[in-house]
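Following: one structure in structure tokens, then a few remarks.
There are 2 protein chains.
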Amino acid sequence: MKNCIVIQSGGPTAAINASLAGVIKRASEAGYDHIYGGINGIVGVLSQKVMDLTEKMAEDPDFIEKLYRTPAMYLGSCRLRLPDPNVEPAIYDALYSHFKRLDIDTFFGIGGNDSMDTVMKLASYFKKKGSSIKVIGVPKTIDNDLLYTDHTPGFGSAAKYVATTIREMAYDTMIYPVKSITIAEIMGRDSGWLTAASALARTKDLNAPQLIYLPEVLFSVKECIEDTKMLLKNRNSVLIAVSEGIRDTDGDYISASALEKDDKFGHAQLSGAGKALEHILGQALGFKIRSVELNIPQRCATHLASKTDLDEAFGLGSAAVCLAEEGKTGLMTTIQRDDSENYHVTYGSVPVYEVANGVKKVPRDFINERGNDVTEKMIDYLKPLIKGEVDMSYNDGLPEFLPVGHLTSTID
Amino acid sequence: MKNCIVIQSGGPTAAINASLAGVIKRASEAGYDHIYGGINGIVGVLSQKVMDLTEKMAEDPDFIEKLYRTPAMYLGSCRLRLPDPNVEPAIYDALYSHFKRLDIDTFFGIGGNDSMDTVMKLASYFKKKGSSIKVIGVPKTIDNDLLYTDHTPGFGSAAKYVATTIREMAYDTMIYPVKSITIAEIMGRDSGWLTAASALARTKDLNAPQLIYLPEVLFSVKECIEDTKMLLKNRNSVLIAVSEGIRDTDGDYISASALEKDDKFGHAQLSGAGKALEHILGQALGFKIRSVELNIPQRCATHLASKTDLDEAFGLGSAAVCLAEEGKTGLMTTIQRDDSENYHVTYGSVPVYEVANGVKKVPRDFINERGNDVTEKMIDYLKPLIKGEVDMSYNDGLPEFLPVGHLTSTID
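Protein sequences appear in the order of chains A and B.
Position 246 (the first sequence) corresponds to 246 in UniProt numbering; numbering is contiguous.
Position 344 (the second sequence) corresponds to 344 in UniProt numbering; numbering is contiguous.
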């Protein structure tokens, strides 16, 4: 028997199930007898909560296709960070014995930074033990902040959601002939890739958002007020896209710093960057300002997924199985952009220890000098990633997804 | 010359441009020489900011089709409420002279409650003056709270957005094997129709949202805590859909009352019902709770519009022109549901004075006894309204809309 096991971990994206679909499809073609899925990440594997995905494929010929377009994480997730295998080997010994019992040949981990840390530690443990069990990582994160991959699955769909929503909101905000400011708070605490995607909303006839603030540049409240006032001289409505992670010139998150300086502002729990900026600009300009937190739909709005993104996510899952077939271990699959002019990618790989715990920030030359917009370099980079629409299956007017009763039936 | 003029007013919806498209299409067929559009509602008409829509049609053969799927309000909006024509006739005299100069035969007003008030007053003024200018109203509002129409254009698309987003969010919230509560705050301050649409997210495999609170029933904080605790005994994640307009048993908005009773809670500006409930349940249950305000995408997410809704919006615009052709005035077009089993509607009309300033609340038997869910009657009512998807035109991965530069070029 040659079996494999796959887990998902970290936060959800619209594309992480497409990667799972890619792993399952290719693994079944590659002759794995059973493809197991660990429920709730490595935590589920430890407590032997495992489902047989080979059975799911046999039960439903459309399983792979439905999985491809189901949001969030079919196998569930966890937040456990594995300890150092040299310090606490017990947890690894337990995993090893479970894997032996299940005849596991390869472990696939689909996830972000923390998940790549798990992949790295597992691979190193098995190697040290002299086991032939292979461990391969498949990246995902809407934040697009993993190193050594041109971009990450999940990002393109989140970017498409952000750009579409910002464009629709721009239309919404232009209807009244009165001064108005709308602030959209976008995810990405430490890197501004997703906030930058708001720039894709623009057309030759629509210049919204007028201001874009990423966390990579310290945020000057004074300059933001100046820029907003300047814009309001020539137009009625201003739309501002702001990362949830902007910091002031002292390096404090805008939400936190605003709170400390202004008693009236409220309770920390209530105040993200958008709300803080709403308050700051409201005080400076003297009229009511609206802030909109795009919130979790950014990462789960599969109905608006980018086909490029989902296809690449599937491809990376498939590529991970190919690496295992070649006998590789300790690698993460990557996307390489071969041609920028006519967007074309191939799938490569990188030793996972190079990726784990690193963060890819937005380069300074992707942001304009004043730090209130992105440059053409950013636009050129982002544009291909949101292309293509996914054929969703609608029933009674709503997108249909795979049931995930296996996630709710396990009560802790 | 026989010309007409059309305005849009009130808040935007995904369908109000489809009604405009219906008016323009039918009016051009009915032999109107010029179809004028008042920019920014009645305010624009007063200041003679008017565009010739007949020209737009001539310039672009796809104008009607593009308009049909462009979000927000192509002609812009205003918030002016006209005075009583008997008390302040000057404003009406000004409108009358503009209309005479433009050879206006009919005025079409597309909008909600306040807009129907404008239609009513204009119709009564022209009648009293002995003028033959006809005035016809076309309803719209995502709140679905207009009387004498089975439902309102714009509601079906907002409902489809809410149901889709709640379903996607439900998947997002189920991934971790830990206790979690997610609150979705939905628009509709005085009527709960849109919040009720969250129930459409459910499938035989998905029972989210588990709790639904509408403003028609006073909100018991005590019962909500009880219900949530009860649900958490048998499941990890609870999703709560709550109207922005819920009030406590004293009749105070939940946001306001929570603020008064708890100094630590924060600033009024920051606290909608969702945030207030997040605070209340967090205190009662002792863990972090997330609230998501669905916010303006509810009313402008045309990419997820209901085809049923947009087609009916178009139909009502068209029906308004037919009423004018029959020489009628002072009417609003309405949707009548002829067959509930096999959903079928026809377009009727009602004297606008019957509609203006009334509000259609959710009937008590559409809500369950405990006031924490909707009944099958509500589901049966809502289900047909979100059906069908609109063929959006995507370019570079984003939906394409008509440019609205005419709205931003007018700076006050």
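Note that beta-carbon positions come from the ideal geometry of N, C-alpha and C, so glycine has one too.
Give me the Cβ distance between residue i and residue j, rounded to the nearest whole Å; I'm assuming they're in contact under 8 Å.
| i | j | result |
| --- | --- | --- |
| glycine 10 of chain A | glycine 137 of chain A | At roughly 11 Å, the Cβ-Cβ gap does not stay under 8 Å, so glycine 10 of chain A and glycine 137 of chain A are not in contact. |
| methionine 187 of chain A | glutamine 298 of chain A | 5 Å |
| threonine 13 of chain A | serine 157 of chain A | 7 Å |
| serine 19 of chain A | leucine 316 of chain A | 6 Å |
| cysteine 300 of chain B | methionine 169 of chain A | 6 Å |
| threonine 329 of chain B | aspartate 338 of chain B | Not confirmed; about 26 Å, so no contact. |
| phenylalanine 155 of chain A | leucine 385 of chain A | 7 Å |
| valine 362 of chain A | asparagine 368 of chain A | Wrong, their Cβ atoms sit about 12 Å apart, outside the cutoff. |
| isoleucine 212 of chain A | asparagine 40 of chain A | Incorrect: roughly 37 Å between the Cβ atoms, too far for contact. |
From which residue to which residue does the beta strand (DSSP E) around residue i run?
| i | result |
| --- | --- |
| serine 237 of chain B | 237-243 |
| isoleucine 335 of chain A | 331-339 |
| serine 50 of chain A | The residue you asked about is not serine; residue 50 of chain A is valine in the sequence shown. That run of the beta strand (DSSP E) goes 50-52. |
| glutamine 8 of chain A | 3-8 |
| residue 419 of chain A | There is simply no residue 419 of chain A to check, as chain A begins at 1 and stops at 412 in what is shown. |
| glutamate 293 of chain A | 290-293 |
| isoleucine 35 of chain B | 34-38 |
| threonine 346 of chain A | 344-351 |
Alpha carbons only, please: which of the options is nearest the one belonging to residue i?
| i | options | result |
| --- | --- | --- |
| valine 238 of chain B | B/Met230, B/Asp205, B/Gly282, B/Ser180 | B/Ser180 |
| proline 209 of chain B | B/Val217, B/Ser198, B/Phe219, B/Lys160 | B/Ser198 |
| threonine 149 of chain B | B/Leu331, B/Ile5, B/Arg370 | B/Leu331 |
| alanine 284 of chain A | A/Met116, A/Gln48, A/Glu223 | A/Glu223 |
| asparagine 17 of chain B | B/Glu65, B/Pro61, B/Ser47 | B/Glu65 |
| aspartate 172 of chain A | B/Ala159, B/Thr302, B/Pro61 | B/Thr302 |
| leucine 323 of chain A | A/Tyr36, A/Pro351, A/Ile42 | A/Pro351 |
| valine 6 of chain A | A/His344, A/Ala15, A/His34 | A/His34 |
| valine 404 of chain A | A/Arg26, A/Ile42, A/Met51, A/Met1 | A/Met51 |
| isoleucine 42 of chain B | B/Ser393, B/Asp117, B/Asp373, B/Gly31 | B/Asp117 |
| glutamate 312 of chain A | A/Gly397, A/Lys140, A/Arg235 | A/Lys140 |
| threonine 165 of chain A | A/Asn372, A/Glu293, A/Val390 | A/Glu293 |
| alanine 72 of chain A | B/Leu146, B/Gly130, B/Tyr176 | B/Tyr176 |
| arginine 101 of chain A | A/Val119, A/Pro85, A/Cys4 | A/Cys4 |
| methionine 378 of chain B | B/Glu389, B/Gly388, B/Arg364 | B/Arg364 |
| leucine 281 of chain B | B/Ile240, B/Lys307, B/Tyr74 | B/Ile240 |
| alanine 58 of chain B | B/Ile24, B/Glu376, B/Phe108 | B/Ile24 |
Could you check if residue i is buried or exposed, using at least 16 other CB atoms within 10 Å of its CB as the buried criterion?
| i | result |
| --- | --- |
| threonine 249 of chain B | exposed |
| lysine 204 of chain A | exposed |
| alanine 123 of chain A | buried |
| threonine 408 of chain B | buried |
| asparagine 295 of chain A | buried |
| phenylalanine 265 of chain A | Here the model assigns phenylalanine 265 of chain A a pLDDT of 42, short of 50, so the residue's position is not dependable and the matter cannot be decided. |
| arginine 81 of chain A | exposed |
| valine 87 of chain B | exposed |
| alanine 356 of chain A | buried |
| threonine 152 of chain A | buried |
| glutamine 48 of chain A | exposed |
| valine 359 of chain A | exposed |
| asparagine 395 of chain B | exposed |
| glutamate 216 of chain A | buried |
| proline 83 of chain A | exposed |
| leucine 270 of chain B | Summary for leucine 270 of chain B: the model assigns pLDDT 46, below 50, so the residue's position carries little reliability; its value from the coordinates is reported in the next sentence. Looking at its Cβ environment, which holds 16 or more other Cβ atoms inside 10 Å, leucine 270 of chain B is buried. |
In the DSSP assignment, find the unbroken alpha helix (DSSP H) run with residue i in it and report its ends.
| i | result |
| --- | --- |
| valine 178 of chain A | First-last for valine 178 of chain A: undefined, no H or E at that position. |
| arginine 101 of chain B | 90-101 |
| aspartate 114 of chain B | 113-129 |
| valine 43 of chain B | 41-46 |
| lysine 229 of chain A | 221-234 |
| isoleucine 136 of chain A | Looking at the DSSP string, isoleucine 136 of chain A is not in any alpha helix (DSSP H); the run it does join, the beta strand (DSSP E), is 134-139. |
| valine 23 of chain B | 16-29 |
| tyrosine 68 of chain A | 63-68 |
Does any heavy atom of the ligand GTP sit closer than 8 Å to the C-beta of residue i?
| i | result |
| --- | --- |
| serine 132 of chain A | By its list of ligands, the structure shown contains no ligand whatsoever, and the ligand GTP lies outside what it can speak to. |
Can you pull out the residues from the region 298-320 of chain A whose beta carbon lies closer than 9 Å to at least one beta carbon of chain B?
Arg299, Cys300, Ala301, Thr302, His303, Leu304, Ser306, Lys307, Thr308
Short-range partners of chain A found in the region 112-123 of chain B, where Cβ spacing is below 9 Å
none
Please identify, using Cβ separations under 9 Å, the residues of the region 378-394 of chain B that lie next to chain A, in order along the chain.
Lys383, Pro384, Leu385, Ile386, Lys387, Gly388, Glu389, Met392, Tyr394
Can you pull out the residues from the region 160-194 of chain B whose beta carbon lies closer than 9 Å to at least one beta carbon of chain C?
Annotation note: the requested chain C is absent from the structure, which comprises protein chains A and B.
Give me the subset of the region 75-89 of chain B whose CB atoms are less than 9 Å from a CB atom of chain A, sorted by chain position.
Leu75, Gly76, Ser77, Cys78, Arg79
In the region 221-248 of chain B, which residues sit with their C-beta less than 8 Å from some C-beta in chain A, listed in chain order?
Asn234, Arg235, Asn236, Ser237
Scan the region 3-28 of chain A for residues whose Cβ lies nearer than 7 Å to a Cβ of chain B and list them as they occur along the chain.
Residues Pro12.
Using a Cβ-Cβ cut-off of less than 7 Å, give me the residues of the region 49-67 of chain A that come near chain B, in sequence order.
none
What residues in the region 133-161 of chain B bring their beta carbon closer than 8 Å to a beta carbon of chain A?
Lys160
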